[in-house]
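Undergrad: Once you know that position 396 of the first sequence is 973 in our numbering, the rest is easy, because the numbers rise by one and skip nothing. We treat Cβ as the ideally placed atom computed from N, Cα and C, and that holds for glycine.
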Amino acid sequence: MNMKAPRGTQDLLPGTTEKWQYVEAKFKDLCNRFNYSEIRTPIFEHTELFQRGVGDTTDIVQKEMYTFTDRGDRSLTLRPEGTASVVRAFVENKLFGLPSQPTKLFYFGPMFRYERPQQGRMRQFVQFGIEALGSADPAIDAEVISLAMSGYQELGLRSLKLVINSLGDSESRTNHRNALISHFEPHKEELCGDCQLRLEKNPLRILDCKKDSNHPAMETAPSILEYLNDESKLYFEAVKIHLDQMGIAYVVDKNLVRGLDYYNHTAFEIMSEAEGFGAITTLSGGGRYNGLVEDLGGPETPGIGFALSVERLLMALEAEGIELPLNNKLDCYFVALGEKASSEAVRLTYELRKAGIQVDKDYQDKKFKAQFKSADRLNAKYVLVLGDDEIENKIVNVKDMNSGEQEEVAFEQLVSYLQEVLRGGK
RNA sequence: GCGAUCGUGGCGAAGUGGUUAACGCACCGGAUUGUGGUUCCGGCACGCGUGGGUUCAAGUCCCACCGGUCGCCCCA
578 MNMKAPRGTQ
588 DLLPGTTEKW
598 QYVEAKFKDL
608 CNRFNYSEIR
618 TPIFEHTELF
628 QRGVGDTTDI
638 VQKEMYTFTD
648 RGDRSLTLRP
658 EGTASVVRAF
668 VENKLFGLPS
678 QPTKLFYFGP
688 MFRYERPQQG
698 RMRQFVQFGI
708 EALGSADPAI
718 DAEVISLAMS
728 GYQELGLRSL
738 KLVINSLGDS
748 ESRTNHRNAL
758 ISHFEPHKEE
768 LCGDCQLRLE
778 KNPLRILDCK
788 KDSNHPAMET
798 APSILEYLND
808 ESKLYFEAVK
818 IHLDQMGIAY
828 VVDKNLVRGL
838 DYYNHTAFEI
848 MSEAEGFGAI
858 TTLSGGGRYN
868 GLVEDLGGPE
878 TPGIGFALSV
888 ERLLMALEAE
898 GIELPLNNKL
908 DCYFVALGEK
918 ASSEAVRLTY
928 ELRKAGIQVD
938 KDYQDKKFKA
948 QFKSADRLNA
958 KYVLVLGDDE
968 IENKIVNVKD
978 MNSGEQEEVA
988 FEQLVSYLQE
998 VLRGGK
């Protein structure tokens, strides 16, 4: 029997989960400040949602989905990304009808893609993402980008690179697409196999190809920026002006292409330039997707969002040597000697816990000295010593592990005493 | 899906065909009876990813599978 976690999945254990909680709390706080509310959607959806939403020609849909048939003969798929589900929920629950628009949502949760695992790429991974639905104001594009950047920066990341581009509206994209096809068509035989396919399916992606990046035709390829119509051009300019005013640095990369079909206008990626980060440098990506809500059966509604990988975020923190300010101390540890004292310690431990104090005790019948060792290992701030003498006098010997000083405290005073010292000291 | 590389106790790591699988960390116990983080002593793999095969003999050689890592593709 194979008792290992499936390929591309991992257990997050104590010592690590604290970091996840910290990061999650940071982004939840950030969303609160930016006024984004949490949405929780199912982890699986009808397969069709992703085929329509993400796009039939994308790699994600073509070869990376965890699709299965349930007992009711429905084709379901473990979500490979978050936007399609959020938009579906937006439409289904008619959130467009709520008085406060745009609808600003965030989510946190596992995504699933069948890929060859490697550092920073798991088959199950966790994304944090936000979506703003119902506004076509360039300021909200800047807001989304600023939220992403703030999150990373507040966690301490410095080696960040924000890359932006505009994919234009559908008119601009069609014109650009035609231009690309006629540009690369004469060179078709010189391109790699993948690119020959891309020429028909999605010529935009040729610009992304690493194999053909040195081909002379790449240099002269028509840029989407040249094909933006006036409206798209103005929109992109407005986004950049907002970013400038906010003091958010960026570089424009005309070859930045996103892998999902629904994007248009603003597209962006945030990358880490930290040393030793490996081949995968993208921390997060996002963009505008006007038209997606309609595609999924809703009213005409513009939208923009982004998603980041928590795994990659933690990798970036590690690469930059950033320690999160985690609290790894235990308030109190009970050390009891003898049967009577052990029994009394059980009772007192419960009393303290009910009073809101963090306490633990030995459950392995360890020797006195070993109990102290446990307390030390758990970083206990105070050790509560209970033996025959103390039982006799109804007191507890409270030892401050930092200073080494001890104080005798009566049973009835214990709660208030500990509350006092824990509030005062660290 | 393709290429490369690796897989020994809780962790790190020796072992390069042949007696009881080094060593370090961690852990457990002890160094005269109730006070931790130091030191000293002792204990701790019936097993070398899994399954086959070669051999008198395999952790050590061969094959398959599983898994990790790195790169490609793609992406978060």
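How would you write the range of the beta strand (DSSP E) that Q1025 sits in, first residue to last?
TA: Outside the shown range of the chain (578 to 1003) lies residue 1025, about which nothing can therefore be said.
Undergrad: With a cut-off of 8 Å, do at least 3 Cβ pairs link the stretch 680-699 to the stretch 580-592?
TA: yes
Undergrad: Let's test the definition: count the other Cβ atoms within 10 Å of the Cβ of A719 and tell me whether it reaches 16, buried, or not, exposed.
TA: As a first step, residue 719 is located in the first sequence; it is residue number 142 there, counting from the start. A719 comes out buried.
Undergrad: Please go through the stretch 729-796 and give each complete beta strand (DSSP E) segment of 3 or more residues, from N-terminal end onward.
TA: 737-743
Undergrad: Terminal residues of the continuous beta strand (DSSP E) containing N841?
TA: Within the first sequence, residue 841 is the residue found at index 264, counting from 1. If you look at N841, you'll find it in the beta strand (DSSP E) that goes N841 to S849.
Undergrad: Can you say whether E846 is buried or exposed, counting buried as having 16 or more other CB atoms within 10 angstroms of its CB?
TA: The residue given as residue 846 occupies position 269 in the first sequence. It counts as buried.
Undergrad: Between which two residues does the beta strand (DSSP E) harbouring G880 extend?
TA: Counted from its first residue, the first sequence places residue 880 at position 303. Start and end: G880 to S886.
Undergrad: Tell me which residues share the same chain as L903 and place their Cβ nearer than 8 Å to its Cβ, disregarding the 5 neighbours each side in the sequence.
TA: Residue 903 sits at position 326 when you count from the first residue of the first sequence. Cβ within range, chain order: E595, K596 and Y599.
Undergrad: Could you spell out the range, first to last residue, of the alpha helix (DSSP H) harbouring T624?
TA: Within the first sequence, the letter at position 47 stands for residue 624. T624 to G630 is the span of the alpha helix (DSSP H), which, as asked, contains T624.
Undergrad: Using alpha carbons as the reference points, say which of I722, S849, E897 and H760 lies closest to G824.
TA: Here residue 824 refers to the residue found at position 247 when the first sequence is read from its first residue. Ranking the options by Cα distance to G824, first place goes to I722.
Undergrad: In this structure, how does DSSP classify K1003 when only helix, strand and coil are distinguished?
TA: Your numbering for residue 1003 matches position 426 in the first sequence. Bear in mind that a pLDDT of 41 at K1003, under 50, signals an unreliable position, so the model cannot answer this.
Undergrad: Compute the beta-carbon to beta-carbon distance between G706 and F883, rounded to the nearest angstrom, for a pair I have assumed lies under 8 Å.
TA: For the purposes of this step, residue 706 is taken as the residue at position 129 of the first sequence. For the purposes of this step, residue 883 is taken as the residue at position 306 of the first sequence. Yes, they are in contact, since the Cβ atoms of G706 and F883 sit about 6 Å apart, within 8 Å.
Undergrad: Mind checking which residues open and close the beta strand (DSSP E) that includes G985?
TA: Position 408 of the first sequence, counted from the first residue, corresponds to residue 985. First, the residue type needs correcting, since residue 985 is Glu and not Gly in the sequence shown. Run containing E985: Q983 to A987, per the beta strand (DSSP E) assignment.
Undergrad: Under the DSSP definition of a beta bridge, which residues are partnered with V998?
TA: As a working note, residue 998 is residue 421 in the first sequence. In DSSP, V998 forms no bridge with anything.
Undergrad: Determine, using beta carbons only, whether R651 and H623 come nearer to each other than 8 Å.
TA: Residue mapping note: residue 651 aligns to position 74 of the first sequence, counting from 1. Residue mapping note: residue 623 aligns to position 46 of the first sequence, counting from 1. Yes, these two residues count as a Cβ contact at 8 Å.
Undergrad: Closest to K603 by CA distance: which of F673, Y729 and K581 is it?
TA: What you label residue 603 is simply residue 26 of the first sequence in a count that begins at 1. Selection F673, Y729 and K581 evaluated against K603 yields Y729 as nearest (Cα-Cα).
Undergrad: Roughly how far, in whole angstroms, is the beta-carbon of N832 from the beta-carbon of L784, given that I think they are within contact range, below 8 Å?
TA: As a first step, residue 832 is located in the first sequence; it is residue number 255 there, counting from the start. As a first step, residue 784 is located in the first sequence; it is residue number 207 there, counting from the start. Confirmed, Cβ separation roughly 4 Å.
Undergrad: Please classify M688: does DSSP put it in a helix, a strand, or coil?
TA: Locating residue 688 in the first sequence gives position 111, counting from the first residue. Three-state result, M688: strand.
Undergrad: When the Cα atoms are used, what is the spatial distance from K1003 to Y910?
TA: As a working note, residue 1003 is residue 426 in the first sequence. As a working note, residue 910 is residue 333 in the first sequence. Only weak support exists for where K1003 lies, its pLDDT of 41 falling under 50; the coordinates are left without a value.
Undergrad: Can you tell me which of V740, K931, D872 and I934 puts its alpha carbon nearest to the alpha carbon of E850?
TA: As a working note, residue 850 is residue 273 in the first sequence. Minimum Cα distance to E850 is reached at V740.
Undergrad: For the stretch 883-925, which segments carrying the beta strand (DSSP E) assignment without a break, of at least 3 residues, lie completely within its bounds, in sequence order?
TA: 907-913
Undergrad: Taking only three categories from DSSP, how would you classify L589?
TA: Stepping through the first sequence from its first residue, residue 589 is reached at position 12. Looking at L589 - three-state DSSP - the assignment turns out to be coil, as it is neither helix nor strand.
Undergrad: Starting from T660, trace the alpha helix (DSSP H) in both directions and tell me its first and last residue.
TA: Residue 660 sits at position 83 when you count from the first residue of the first sequence. T660 to E669 is the span of the alpha helix (DSSP H), which, as asked, contains T660.
Undergrad: Drop a sphere of 10 angstroms on the beta-carbon of L774, count the other beta-carbons inside from all chains shown, and report buried for 16 or more, exposed for fewer.
TA: As a position in the first sequence, residue 774 is number 197, starting the count at 1. Exposed.
Undergrad: Give the single residue among A896, Y959, R754 and I620 whose Cα lies nearest to the Cα of P799.
TA: Here residue 799 refers to the residue found at position 222 of the first sequence. The candidate whose alpha carbon is nearest that of P799 is R754.
Undergrad: Measuring CB atoms only, is the stretch 626-638 touching the stretch 660-680, in the sense that at least three cross pairs come out at less than 8 Å?
TA: yes
Undergrad: Assuming N979 and K958 make a contact with CB atoms under 8 Å, what is their CB distance in whole Å?
TA: Indexing the first sequence from 1 puts residue 979 at position 402. Indexing the first sequence from 1 puts residue 958 at position 381. By a beta-carbon distance limit of 8 Å, N979 contacts K958. Their separation comes to about 7 Å.
Undergrad: Which ranges does the beta strand (DSSP E) cover as unbroken runs of at least 3 residues, wholly within the stretch 921-962, from first to last along the chain?
TA: 936-938
Undergrad: May I have the straight-line CA-CA distance separating S736 from E984, to the nearest angstrom?
TA: Here residue 736 refers to the residue found at position 159 when the first sequence is read from its first residue. Here residue 984 refers to the residue found at position 407 when the first sequence is read from its first residue. So the two alpha carbons sit approximately 50 Å from each other.
Undergrad: If I follow the unbroken alpha helix (DSSP H) through G970, where does it start and stop?
TA: Along the first sequence, one-based indexing puts residue 970 at 393. The sequence shown places Asn at residue 970, not Gly. Its alpha helix (DSSP H) spans residues D965 to N970.
Undergrad: Cα separation between A709 and D939?
TA: Start at 1 with the first residue of the first sequence, and residue 709 comes out as number 132. Start at 1 with the first residue of the first sequence, and residue 939 comes out as number 362. Each residue's Cα considered, the two are about 50 Å apart.
Undergrad: Since F813 is in the alpha helix (DSSP H), which residue starts that stretch and which ends it?
TA: Against the first sequence, residue 813 aligns to sequence position 236. Where F813 is concerned, the enclosing alpha helix (DSSP H) stretches over D807 to M823.
Undergrad: To the nearest angstrom, how far is the alpha carbon of D838 from that of G632?
TA: Locating residue 838 in the first sequence gives position 261, where the first residue counts as 1. Locating residue 632 in the first sequence gives position 55, where the first residue counts as 1. The alpha-carbon atoms of D838 and G632 are separated by roughly 5 Å.
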